[in-house]
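Novice: Let me begin by handing over the structure; questions about it come next.
2 protein chains.
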Amino acid sequence: MSERICGVDLGGTKIEVVVVNADRKLRGQCRVPTPQDGGPQSVVDAIVGAVQAACDDAGCATKALKGIGIGAPGAVNAERGLLSRAPNLSGFVDAFPLAEAVGGACGAKVKLGNDVGVAVLGELELGAGRKLQSFVGIWWGTGVGSGIVLQRKMWHGRGAAGELGHTVIQRGGLAEPNGMVGTMEAYAGRRNMETRAREAVAAGQTSVLFELMEQAGKERLSSSIWSKALAQGDPLATQLIGEGVAAIAAAAANAVNILDVEAIILGGGLGTRFGQPMADRIGAAMRPYLFQPDKAPPVVTAALGDKGGAIGATLLVGAKR
Amino acid sequence: MSERICGVDLGGTKIEVVVVNADRKLRGQCRVPTPQDGGPQSVVDAIVGAVQAACDDAGCATKALKGIGIGAPGAVNAERGLLSRAPNLSGFVDAFPLAEAVGGACGAKVKLGNDVGVAVLGELELGAGRKLQSFVGIWWGTGVGSGIVLQRKMWHGRGAAGELGHTVIQRGGLAEPNGMVGTMEAYAGRRNMETRAREAVAAGQTSVLFELMEQAGKERLSSSIWSKALAQGDPLATQLIGEGVAAIAAAAANAVNILDVEAIILGGGLGTRFGQPMADRIGAAMRPYLFQPDKAPPVVTAALGDKGGAIGATLLVGAKR
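In order, the protein sequences belong to chains A and B.
Position 253, counted from 1, in the first sequence is what the numbering used here calls 253; the numbers after and before it change by one each time, with no gaps.
Position 271, counted from 1, in the second sequence is what the numbering used here calls 271; the numbers after and before it change by one each time, with no gaps.
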């Protein structure tokens, strides 16, 4: 059997695992919910179980893997395999040796990367960015992450580039839980939209959002809930998503004015769920903010879909950095 | 005599010309006001006269120059030596063959570049950016231009990168004359600040700004007028400059959040006039908008001072692009 590589997309709500061959063709997969409490060890156990299941699906042993790449939300120390400051994960405040913990249990080498970074890397190498020299990836999900690709390389700056979600578009506007005011993510992040939806409903506004959530047996407003509510014309969902689109568009246009990239690639849970019609909406909403609207770059959706993060994470294995 | 190179900083209010040797040491100079009417030919005549005077100062003939570099405001076609869309210059709407016109009259080769681009290039090669891998240059003057330096190279994108002045920080806020709403330049551009000062005074607010302007025999609120009014504690000047600082800081922080550069370099007429204390003020005002305030990059003033644009323009001569 040719080589098998495992990729893990560690999200705040789910853990997506793929096993691919050297050509990154899918050979096995597994998706499990992310434990919401129990701390780092519970998250490690869930990852290890899902890696095992994906390997079973692919017909290989975890020990036979060439390696495991993990895209994780938060501050990643790639060299040392540490994850810290991941507010969407239970107990990952101080640096936790995630690579070592998963690697030890699976008997395989583990490389760690930032979740959005690996998803953008996946699009660069295998997806919508294959033929682009430069683009900005905007990953619209629980938060809004981004990745900057210039001359076909990820631009990391001093290590923390790509925080487009935390750029200000509306001074004095809505605040994020971290205290940053008027940022794009304050308007567009799924978590922040859910907070505002709860506040609006508590204040007496009607909406199908939370009924749909209960019917689906969920505790959060997932991408599919937002999508269903939009499809039903729910006014609150329409308003909040509209404000999110406007915020993403303003921040994306700022990035274009600064960097003049060839394209915007839209991914993430919400971005992937809504697809190209939403990318087109963002593209149209960008125009008033573009210095050169006649040279507006296209806004396209991520080509690797909802497994893009996990597939991108496989690119960490064997990579030089 | 060793080689002599001429650099021209073509601004909306003045034309600054330097003659340097191969090491970019100053050998001659001249500064003349930019003709406010008369169209492109009057601007060409003024440039040619100033180049002649700077060469006289340097003790060389214009024909003996290795070349003339011109940094010009507006849309520059460097290959063809054309300047267009320069609203701060009389009559430069359609493409005008500036390189050919100046070169023909001086008997020397002329290379054209964007005014802010050449000033940032000057800082990169000879000034505050000499030892930096990456920085964002912010040129605070009539407008607010910027230049992006990554891995010690100017980043041009598809040709129009660096429009930080036209990024939005306050949706629904103040508008620029070009119609763009809530951009940094709407708040911070000297021309826009002057418009608001005139409106405030017309509405009955008192200010020393226009008295100082008349005393100085000027028709515009130049950098020195703003500086004097600030020094006197003029409330209107204090308010408008304060709003400009806040706007520049928000946009600069956005650029840092996106690119995580090593420094911000502040230049331009106002930036150079106000100097490091103002750079420090901008640095402090950036912090609330930085995703990692503990890693705030320093904000430093351009080292080449008010001749930086002209000196930077000399780098166009002999450059590969």
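Note that the Cβ used here is the ideal one computed from N, Cα and C, for glycine as well.
With a CB to CB cut of under 8 angstroms and the five nearest residues on each side skipped, what residues in its chain are close to B:V300?
Specialist: On the second sequence, position 300 is the one that residue 300 of chain B refers to. Once the five neighbours on either side are set aside, the close Cβ partners of B:V300 are A128, A263, I264, I265, L266, Q276, A279.
Novice: Quick one: is the Cβ of B:M278 within less than 7 angstroms of any heavy atom of the ligand PLP?
Specialist: Looking at this structure, you won't find the ligand PLP or any other ligand, since it has none at all.
Novice: Using a Cβ-Cβ cut-off of 8 angstroms, state whether B:R321 counts as contacting chain A.
Specialist: Taking the second sequence and counting its residues from 1, the one referred to as residue 321 of chain B is at position 321. Here B:R321 scores only 44 on pLDDT, less than 50, and its place in the model is too uncertain to base an answer on.
Novice: Give a yes or no on whether 8 angstroms exceeds the smallest Cβ distance from A:W226 to chain E.
Specialist: Included in the structure are the protein chains A and B, with no chain E among them.
Novice: Is it right to say A:N254 is buried, meaning 16 or more other beta carbons lie within 10 angstroms of its own, or is it exposed?
Specialist: For the purposes of this step, residue 254 of chain A is identified with residue 254 of the first sequence, where counting begins at 1. The residue in question, A:N254, is buried, as its Cβ has 16 or more Cβ neighbours within 10 Å.
Novice: What are the residues in the region 280–301 of chain A lying within 9 angstroms of chain B by C-beta distance?
Specialist: P288, Y289, L290, F291, Q292, K295, P297
Novice: Assuming B:L230 and B:I248 make a contact with CB atoms under 8 angstroms, what is their CB distance in whole Å?
Specialist: Against the second sequence, residue 230 of chain B aligns to sequence position 230. Against the second sequence, residue 248 of chain B aligns to sequence position 248. That pair is no contact at about 15 angstroms.
Novice: Just checking: is the beta-carbon of B:A231 within a distance shorter than 8 angstroms of some beta-carbon in chain A?
Specialist: To locate residue 231 of chain B, count along the second sequence from 1; it is residue 231. B:A231 does not count as touching chain A.
Novice: Taking any Cβ of chain A, which residues in the region 252–270 of chain B have a Cβ under 9 angstroms from it, in chain order?
Specialist: Legend: CB atoms of the region 252–270 of chain B lying less than 9 angstroms from CB atoms of chain A belong to residues A253, N254, A255, V256, N257, I258, L259, D260, V261, E262.
Novice: By a C-beta neighbour count over all protein chains shown, 10 Å radius and 16 as the cutoff for buried, is B:A216 buried or exposed?
Specialist: Here residue 216 of chain B refers to the residue found at position 216 of the second sequence. So B:A216 ends up on the exposed side.
Novice: Report the CB separation of B:G113 from B:V149 in whole angstroms; it is logged as a contact under 8 angstroms.
Specialist: For the purposes of this step, residue 113 of chain B is identified with residue 113 of the second sequence, where counting begins at 1. For the purposes of this step, residue 149 of chain B is identified with residue 149 of the second sequence, where counting begins at 1. Not quite, the Cβ-Cβ distance comes to about 15 angstroms (not below 8 angstroms), so this is no contact.
Novice: Check each candidate in A:Q292, A:P298, A:A246, A:A78 and name the one with the smallest Cα separation from A:G182.
Specialist: One-based indexing of the first sequence puts residue 182 of chain A at position 182. Checking every option, the nearest Cα to that of A:G182 belongs to A:A246.
Novice: Within a Cβ cutoff of 6 angstroms, which residues of the same chain sit near A:D306, ignoring the five residues on either side of it in sequence?
Specialist: The sequence position of residue 306 of chain A within the first sequence is 306, counting from 1. T272, listed in sequence order.
Novice: Give me the subset of the region 160–193 of chain A whose CB atoms are less than 9 angstroms from a CB atom of chain B, sorted by chain position.
Specialist: A160, A161, G162, E163, L164, G165, H166, T167, V168, I169, Q170, R171, G172, G173, N178, G179, M180, V181, G182, T183
Novice: Kindly list, in the order they appear in chain A, the residues whose Cβ is closer than 8 angstroms to that of B:L150.
Specialist: On the second sequence, residue 150 of chain B is found 150 positions in, with the first residue counted as 1. Correct list: L150, W155.
Novice: In angstroms, rounded to a whole number, what distance separates the CA positions of B:V93 and B:S42?
Specialist: Sequence index remark: in the second sequence, residue 93 of chain B carries index 93 (1-based). Sequence index remark: in the second sequence, residue 42 of chain B carries index 42 (1-based). The straight-line gap from Cα to Cα measures roughly 15 angstroms.
Novice: Please check the pair B:V317 and B:I70, which I expect to be a contact at CB under 8 angstroms, by giving their CB distance rounded to whole angstroms.
Specialist: Here residue 317 of chain B is taken as the residue at index 317 of the second sequence, counted from 1. Here residue 70 of chain B is taken as the residue at index 70 of the second sequence, counted from 1. Between B:I70 and B:V317 the Cβ distance is about 10 angstroms, and since that is not below 8 angstroms, they are no contact.
Novice: Using a Cβ-Cβ cut-off of 8 angstroms, state whether A:S207 counts as contacting chain B.
Specialist: Indexing the first sequence from 1 puts residue 207 of chain A at position 207. By this cut-off, A:S207 is not an interface position.
Novice: Along the chain, where does the alpha helix (DSSP H) containing A:K228 start, and where does it finish?
Specialist: Position 228 of the first sequence holds residue 228 of chain A. Start and end: 223–231.
Novice: Counting C-beta neighbours from all protein chains within 10 Å, is the total for B:G37 16 or more, i.e. buried, or is it exposed?
Specialist: Numbered from its first residue, the second sequence carries residue 37 of chain B at position 37. A small correction: the amino acid at residue 37 of chain B is Asp; Gly does not occupy that position in the sequence shown. The residue is exposed, with fewer than 16 neighbouring Cβ atoms inside 10 Å.
Novice: Just the Cα atoms here: how many angstroms apart are B:S84 and B:A72?
Specialist: Here the question's residue 84 of chain B lines up with position 84 in the second sequence. Here the question's residue 72 of chain B lines up with position 72 in the second sequence. Those two C-alpha atoms are separated by around 10 angstroms.
Novice: Check the Cβ of B:A250 against every Cβ in chain A and list those closer than 8 angstroms, keeping chain order.
Specialist: For the purposes of this step, residue 250 of chain B is taken as the residue at position 250 of the second sequence. Result: V168, R171.
Novice: Short check: CB of B:A161 to CB of A:I258, under 8 angstroms?
Specialist: As a working note, residue 161 of chain B is residue 161 in the second sequence. As a working note, residue 258 of chain A is residue 258 in the first sequence. Contact flag set, yes.
Novice: Starting from A:S84, trace the beta strand (DSSP E) in both directions and tell me its first and last residue.
Specialist: Translated into the one-based positions of the first sequence, residue 84 of chain A becomes position 84. It spans 82–84 - the beta strand (DSSP E) in which A:S84 sits, taken as one unbroken run.
Novice: For A:D294, I'd like the list of residues in its chain whose CB is within less than 7 angstroms of its CB, leaving aside the five on either flank, ordered along the chain.
Specialist: Residue numbering aside, residue 294 of chain A sits at position 294 when the first sequence is read from its first letter. Nothing listed; no residue qualifies.
Novice: Using three-state DSSP, classify A:A247 as helix, strand or coil.
Specialist: Within the first sequence, residue 247 of chain A is the residue found at index 247, counting from 1. It is helical.
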